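Residue numbers (the numbering used here), protein chains in the order written: chain A, 14 to 160; chain B, 14 to 160; chain C, 14 to 160; chain D, 14 to 160.
Ideal Cβ placement from N, Cα and C applies to all residues, glycine included.
Because the structure is a prediction, the values reported are computed rather than measured.
If you want it as structure tokens, here you go:
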């Protein structure tokens, strides 16, 4: 099954850092981000926040794509990233695989690798699934808690 | 004690998403990021990756500022972020407090709040401290593992 | 406000490793565990799993005490522990402070210290709050997902 | 390659909660824990701390087995566990797979499942590798920081 990738996936913040979603099905979402100097920390390595951002986007997209048809919404609840090897050139490759599809939370395992296929970072991403009420937060200064 | 904030703190990725470091001493680093649409995810909330990015930058800066004089370098090892309340307007406020200053790892607690002072996200950031050899990775395609 | 500490808090697994809950109010739960050889890993230090266990128990107890009157139940969703300093003798001291009380998740910060008051480990604990249906899982081999 | 499983693996805390290590090679360590009431939290489910404990033990054992021949020692640095499905009867099955073997840190992915092979919890475990000086902490009240 191929999932429709919403246009929003590459607008806003995802567009700012350059995420391109290249594949999405019921269990896996893949994306790439070209390395550029604007994504680096002072020592010249890709900033760890970029990996966390990619992971959240892929996991959120994968969850939203499947729960939105039921009128539900997905929102990041927690993420944990371990940084293992720096990336300095080429392309950042990311693959998110779903580990758990519960009634109220989904858990994803996201792996980041370099052009040589070496594992550079891993993220455990937990996404909350709700009945959509949290969506009313949009654009309000006095937004309610996410969860 | 006031620490010198390196100019690099607001170049590269930090400049892309708009981090401004406003204070740094031996135990605390504070920064702000103005909200803008380019930092949002599809539902109109600030993307969780922005919080993780801010946390990593403040904790890394706080560690580097103190270990660099001894010829050591700091590099992110792991981060864990819990998302609690969305931010949609105004300014993102972040404060990093050091919990542990070990020989090889430093641990920081980072709290993100909105203009009303409400806690919106928390990050536990672990920074590895090494003798600087990892610094040679800079700009090399075949960089060694970070840790 | 003092919360009633349920007797169950020191039965089952908590009794096995020796948790004693010594105080609980709306925002803080404190407990202690006496060090004994049965709680150590092969190198003679208190096993990291003990800290994670204490943290989950205090955070779950603190949440349950406050949501149970509304017919809701609390169940651990995720935990993250950073180990900073070993404990080998004396008493393990733990204090859990609530960071977030949401509709469906509560987040706690748990700090573990030794007899000298030094910070030895920190846990970020996320507890899911639900309407109690998950409670039916009790004692069933074919239990449903927790969340 | 089969690794020798040290006798210590099933003494101390591991013996208390009932860990049996059943297999260990260069990349994978497997263990089981029989369910019993002493391992449960008040609601009758296996306590989440048991999963975190198993994960730390398997990852630490897998690392120690491989770095000890070089005179190095392994010590838990951080763990993150996501709880997905309760276990109430039978046997807890755990498998740890190494994701990263760095100079100073190893990262493991640990999966916990029930008798039906369903994924019940996942742990990301980071183990610090050092030259053994931390080992002197053993049995001292004034132990130095772990890392």
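Chain A partners of residue i, CB-CB under 8 Å?
{"i": "residue 117(D)", "result": "Ordered by position in chain A, no residue passes the 8 Å Cβ test against residue 117(D), which lies about 11 Å from the chain."}
Since residue i meets chain C, which of its residues come closer than 9 Å, beta carbon to beta carbon?
{"i": "residue 113(B)", "result": "95, 97, 98, 132, 135"}
{"i": "residue 108(D)", "result": "Near residue 108(D) there are no residues of chain C at all, since even the closest Cβ is about 17 Å away, more than 9 Å."}
Judging by CA-CA distance, which residue of the options is the nearest neighbour of residue i?
{"i": "residue 30(A)", "options": "127(B), 60(B), 40(B)", "result": "60(B)"}
{"i": "residue 70(A)", "options": "128(A), 33(A), 143(A)", "result": "33(A)"}
{"i": "residue 130(C)", "options": "99(C), 75(C), 138(C)", "result": "99(C)"}
{"i": "residue 92(C)", "options": "52(C), 51(C), 67(C)", "result": "67(C)"}
{"i": "residue 105(B)", "options": "26(B), 57(B), 64(B), 39(B)", "result": "64(B)"}
{"i": "residue 52(D)", "options": "52(C), 128(C), 25(C)", "result": "25(C)"}
{"i": "residue 116(D)", "options": "126(D), 132(D), 133(D), 83(D)", "result": "83(D)"}
{"i": "residue 97(A)", "options": "58(A), 49(A), 45(A)", "result": "58(A)"}
{"i": "residue 88(A)", "options": "88(B), 87(B), 62(B), 80(B)", "result": "62(B)"}
Can you name, in chain order, every residue of its own chain whose Cβ lies under 6 Å from the Cβ of residue i, other than the five neighbours on each side?
{"i": "residue 95(A)", "result": "135"}
{"i": "residue 41(A)", "result": "110"}
{"i": "residue 36(A)", "result": "43"}
{"i": "residue 81(C)", "result": "none"}
Within 10 Å of its beta-carbon, does residue i have 16 or more other beta-carbons around it, so buried, or fewer, so exposed?
{"i": "residue 107(B)", "result": "buried"}
{"i": "residue 102(D)", "result": "exposed"}
{"i": "residue 47(B)", "result": "exposed"}
{"i": "residue 28(B)", "result": "exposed"}
{"i": "residue 55(B)", "result": "buried"}
{"i": "residue 39(C)", "result": "exposed"}
Taking Cβ-Cβ distances shorter than 7 Å, what residues in chain B pair up with residue i?
{"i": "residue 77(D)", "result": "Those do not exist, as residue 77(D) stays about 18 Å from chain B at its closest Cβ, beyond 7 Å."}
{"i": "residue 51(A)", "result": "25, 26, 29"}
{"i": "residue 82(A)", "result": "Here the premise fails: no neighbours, minimum Cβ distance about 16 Å."}
Under 8 Å Cβ to Cβ from residue i, same chain only, skipping five residues before and after it: list those, please.
{"i": "residue 85(C)", "result": "142, 143, 144, 145"}
{"i": "residue 113(D)", "result": "119, 120"}
{"i": "residue 49(D)", "result": "31"}
Who are the neighbours of residue i on chain D, taking C-beta pairs under 7 Å?
{"i": "residue 90(B)", "result": "118"}
Tell me which same chain residues have a C-beta within less than 7 Å of the C-beta of residue i, skipping the five on either side of it?
{"i": "residue 72(B)", "result": "109, 121, 123, 138, 140"}
{"i": "residue 90(C)", "result": "118, 139, 140, 141, 160"}
{"i": "residue 75(C)", "result": "37, 42, 109, 111, 121"}
{"i": "residue 128(A)", "result": "103, 104"}
{"i": "residue 126(D)", "result": "106, 132, 133"}
Find the residues of chain D that neighbour residue i, judging by a C-beta separation of less than 8 Å, and give them in chain order.
{"i": "residue 71(C)", "result": "Within chain D, no residue comes near residue 71(C); the closest Cβ sits about 11 Å away, beyond 8 Å."}
If the cut is a Cβ gap below 7 Å, which residues of chain A does residue i touch?
{"i": "residue 139(D)", "result": "95"}
List the residues of chain C whose Cβ lies closer than 8 Å to the Cβ of residue i, in chain order.
{"i": "residue 63(D)", "result": "26, 62, 66"}
Please compile the residues from chain C whose C-beta is within a distance smaller than 7 Å of the C-beta of residue i.
{"i": "residue 47(D)", "result": "By Cβ distance, chain C contributes nothing, its closest Cβ being about 14 Å from residue 47(D), past 7 Å."}
Length at least 4, wholly inside the segment 18–57 of chain B: the alpha helix (DSSP H) runs in chain order: With a minimum length of 4 residues, the continuous alpha helix (DSSP H) runs that stay inside the segment 18–57 of chain B are 25–30.
In chain order, each beta strand (DSSP E) run of at least 3 residues that lies wholly inside the segment 49–98 of chain D: You should have 86–96.
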